[in-house]
Amino acid sequence: MIIIELPKDRAKVGRLTVVDWKAEIIAGPFPALGKADNKAAITNGNPKRNPIKPFGDTPTGLYELSITDPLTPQESYGPNSTLRMTPVSGQALKAKLNGRRGLLIHGGLPGAGRRLRSTHGCVRLFNEDMKLLLDAVTGNPELLRCSISEGSKPGTSGILLESLHYEHDSADLNPNIYPEIDAPADVMAASGPAIAAPIIHAEFCIDTDLKNVASPLSAQMIDDFFAAQPKGKRSLYGIGSAVISASIANIVNASYIVAHAILETGWGTSTIYREKNNLFGWTAYDSNPGGAATKFQSREDCISKVVPIINSNYLTPGGKYFSKRPCVGNKKYGMNVNYASDPDWGAKIASIARRLERSI
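Written as structure tokens, this is what we have:
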């Protein structure tokens, strides 16, 4: 899967990383740009570069990807193939309904000072990074999915490449499309080589979009987290790989999955967990939780079977128990409306997830 993390200030660069089902890095991170060209946006009636409108910044959300043949001109798209992005959910799907078409991940001629240039809403990479990305995903269809998220707060882990500022869109190279223009002063003010800096990642909360916000956790991080707990709280050690596998297969935030398991099992101490491998209190109805709870063959069996049902019933619009937003929420919206009778269930999940993410 391709994970793209973009800063709230789209004049700054984000990063693109390719991960496998264990959330181990296959390629990247690469500098990635999700800013729309200012002049094109203004000319086409979108001066604020609203992502869900044509000629806006790159929309967040989930996409299916397909590899295209190289496009021309090379100044705009680079010498390599491109990745066509088909919207699945989030801003991406809303943008499609508003008429946005043709979004790609592609390369292109750098601007002055080897700066990435803005686009009409696509994601731009340096040409050499685009080649490495294509090498990683070609022949691996399971990787041809993309999650794009946006953050606004400094996070606790990972790296984000130093702010690289864009000049003008690739189309500006052709005076017949848009005349050459100077970049605004605020865009030109800061530029330079890519260096390590804190990743932009908003803290987990009850409103965190469980479908469109990628967790910073890997399988190893999850297992290391449990290994570091006091003796009585280590029982869930070893679920990391199953969690990440289910997260990628169903496009559900991994931090949520782990936090849910911790809460429902009391850190692996509950009878339902110990006797039935039930990590989520699945079918443990209030009237008879012990007797009604489903028994699973293993912890992995529970994760692989329950997460898809949670995804389809609680996190997908139109699902049987979906309530307004794909988040843990409270008694007004989100999973908490129908999943648990405890009005603070969502807040408890969010608190544990924050602790998880702060630990890495």
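With the numbering used here as the guide, the letters of the sequence shown map in order to residues 682 to 1041.
Idealized CB from N, CA, C, for every residue including glycine.
In this text the structure is predicted, and so the values were computed from the model without any measurement.
Report the rounded CA-to-CA distance for residue i versus residue j, giving the unit in angstroms.
{"i": "Val699", "j": "Val933", "result": "17 Å"}
{"i": "Glu756", "j": "Gly789", "result": "5 Å"}
{"i": "Ser979", "j": "Leu960", "result": "10 Å"}
{"i": "Ile953", "j": "Ala930", "result": "26 Å"}
{"i": "Ser922", "j": "Lys716", "result": "35 Å"}
{"i": "Leu785", "j": "Thr739", "result": "10 Å"}
{"i": "Cys1008", "j": "Ile683", "result": "22 Å"}
{"i": "Gly1027", "j": "Ser899", "result": "23 Å"}
{"i": "Ile1041", "j": "Ala974", "result": "33 Å"}
{"i": "Asp634", "j": "Glu705", "result": "This structure gives no information on residue 634, because the portion of the chain shown stretches from 682 to 1041."}
{"i": "Thr800", "j": "Asp718", "result": "5 Å"}
{"i": "Gly695", "j": "Ile938", "result": "26 Å"}
By the three-class DSSP mapping on this structure, what secondary structure does residue i have?
{"i": "Glu884", "result": "coil"}
{"i": "Ile684", "result": "strand"}
{"i": "Pro768", "result": "strand"}
{"i": "His1092", "result": "Nothing can be reported for residue 1092: it is not among the residues displayed for the chain, which extend from 682 to 1041."}
{"i": "Val924", "result": "helix"}
{"i": "Tyr744", "result": "strand"}
{"i": "Cys983", "result": "helix"}
{"i": "Leu944", "result": "helix"}
{"i": "Ser762", "result": "coil"}
{"i": "Arg955", "result": "helix"}
{"i": "Gly836", "result": "A caution first: Gly836 carries a pLDDT of 32, below 50, which makes its placement in the model unreliable, though a value can still be read off. Coil at Gly836, not helix or strand."}
{"i": "Ser899", "result": "coil"}
{"i": "Asn821", "result": "coil"}
Which residues mark the beginning and the end of the alpha helix (DSSP H) in which residue i is found?
{"i": "Leu774", "result": "Gln772 to Leu778"}
{"i": "Ala1028", "result": "Trp1026 to Arg1039"}
{"i": "Thr724", "result": "Asn719 to Thr724"}
{"i": "Val818", "result": "Asn808 to Val818"}
Where does the unbroken beta strand (DSSP E) through residue i begin, and where does it stop?
{"i": "Gly1043", "result": "Here the chain comprises residues numbered 682 to 1041, so residue 1043 is not present and cannot be evaluated."}
{"i": "Arg730", "result": "Arg730 -> no beta strand (DSSP E), and no H or E assigned at all."}
{"i": "Leu697", "result": "Gly695 to Val700"}
{"i": "Leu785", "result": "Leu785 to His787"}
Count the other CB atoms, across all protein chains shown, that sit within 10 Å of the CB of residue i; report buried if there are 16 or more and exposed otherwise.
{"i": "Arg676", "result": "No answer is possible for residue 676: it lies beyond the span of the chain, which begins at 682 and ends at 1041."}
{"i": "Ser1022", "result": "exposed"}
{"i": "Gly972", "result": "exposed"}
{"i": "Glu745", "result": "exposed"}
{"i": "Arg730", "result": "buried"}
{"i": "Gly1010", "result": "buried"}
With distances taken between CB atoms, is the gap from residue i to residue j smaller than 7 Å?
{"i": "Ser896", "j": "Ala942", "result": "no"}
{"i": "Leu714", "j": "Arg805", "result": "yes"}
{"i": "Lys777", "j": "Pro768", "result": "yes"}
{"i": "Gly742", "j": "Gly771", "result": "yes"}
{"i": "Ile965", "j": "Leu813", "result": "The identity of residue 965 in the sequence shown is Ala, whereas the question assumes Ile. Cβ atoms of Ala965 and Leu813: not closer than 7 Å."}
{"i": "Arg1036", "j": "Phe885", "result": "no"}
{"i": "Phe907", "j": "Arg915", "result": "yes"}
{"i": "Leu996", "j": "Gly949", "result": "no"}
{"i": "His787", "j": "Thr763", "result": "yes"}
Given 6 Å as the limit, tell me if residue i has its C-beta closer than that to any heavy atom belonging to the ligand FAD.
{"i": "Gly709", "result": "The ligand FAD is not among the ligands present in this structure, which contains no ligands whatsoever."}
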